[in-house]
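Visitor: Residue numbers (this note's numbering): 148 to 333. Every residue, glycine too, gets a C-beta built ideally from N, C-alpha and C. Just so we're clear, the structure is a prediction, and the values are computed from it rather than from any experiment.
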Amino acid sequence: MRHDEDLLDQLTAEHQAVLVHFSELSGLPSGDPQRKELVDLVTDQLVRHTRAEEQHLYPLARDRLADGPAVVERELADHRGVEALLTELRPTRVDSPRFDRLVARLIEEVTGHAGEEESRLFPAVRAVTTEAELRDLAVRARETERRSSGRPHHQPPTERPADRLPPPERPLMERLRAFLTPGGPH
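Dropping the structure here:
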């Protein structure tokens, strides 16, 4: 992925990468364990990709396109459908006929969604957005995807932070004893 590309170029390249994996999936026989590995890879890519679209592309489309709210709602409905398929697919065994049916539906849904975005949404957004804005959004989207990938990107602290709470005036038991002792301080 080039770092000088704009958001729409980046999202198109991500669509193409997923479609390549779908092609690889279609070339493997049913029940092949590599099919599950490819589905896991595609799931990770799609989750990161949809987060980037939802956080960076769709707000822009909603605000700038005349039919933006309706367009974005359709796109979000597509995302929910794909997410539901991925959720169904996750626990399904690769040697199950259901796995193959779900993969076929996933390929159909994602291919249709990507084609619609590339042919209609992306050109409409490009027409109402500057190239500089789209390049800036690409940088932000890459950061969103990096954070969304599930891979650790930071080192955990090596030492415990200092406890800045003040010590209690008196220990709890001492306060209880004083309270419960007849004639004690009240």
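Thinking C-alpha only, which one of 275, 294, 292 is nearest residue 210?
Guide: Closest option to residue 210, Cα to Cα, is 275.
Visitor: For residue 235, which residues from the same chain have a beta carbon less than 8 Å from its beta carbon, with the 5 sequence-adjacent residues on both sides left out?
Guide: Result list for residue 235: 249, in chain order.
Visitor: Tell me, to the nearest whole angstrom, how far the beta carbon of residue 233 is from that of residue 284; I am working on the premise that it is less than 8 Å.
Guide: Residue 233 to residue 284, Cβ: 25 Å. No contact.
Visitor: Can you tell me where the alpha helix (DSSP H) with residue 196 in it begins and where it stops?
Guide: Element bounds for residue 196: 180-199.
Visitor: Distance, Cα to Cα, residue 256 vs residue 279?
Guide: So the two alpha carbons sit approximately 32 Å from each other.
Visitor: Is it true that the stretch 164-174 meets the stretch 211-228, where meeting means three or more beta-carbon pairs spaced less than 8 Å apart?
Guide: No, they do not touch.
Visitor: Taking DSSP as the reference, what is the three-state secondary structure of residue 173?
Guide: Residue 173 falls in the helix class under three-state DSSP.
Visitor: Is the beta carbon of residue 226 less than 7 Å from the beta carbon of residue 258?
Guide: Not a contact, by the Cβ cut-off of 7 Å.
Visitor: Restricting to runs no shorter than 3 residues, where is the beta strand (DSSP E) found entirely within the stretch 237-261?
Guide: Complete beta strand (DSSP E) runs here, min 3: none at all.
Visitor: Taking Cβ positions, are residue 195 and residue 241 nearer each other than 7 Å?
Guide: Their beta carbons are not under 7 Å apart, which means residue 195 does not touch residue 241 by this criterion.
Visitor: Exposed or buried, what is residue 163 when buried is set at 16 or more other beta-carbons lying within 10 Å of its beta-carbon?
Guide: Classification for residue 163: exposed.
Visitor: Among 325, 292, 186, 221, which one has its Cα closest to the Cα of residue 237?
Guide: Looking at the Cα atoms, 186 is the closest of the given residues.
Visitor: What is the DSSP secondary structure of residue 151, counted as helix, strand or coil?
Guide: Residue 151: coil per DSSP, three-state reduction.
Visitor: Are the CB atoms of residue 288 and residue 199 within a distance shorter than 7 Å?
Guide: Their beta carbons are under 7 Å apart, which means residue 199 touches residue 288 by this criterion.
Visitor: Which residues mark the beginning and the end of the alpha helix (DSSP H) in which residue 290 is found?
Guide: First-last of the alpha helix (DSSP H) with residue 290: 278-295.
Visitor: Would residue 247 and residue 295 be called neighbours here (beta carbons separated by less than 7 Å)?
Guide: Contact flag unset, no.
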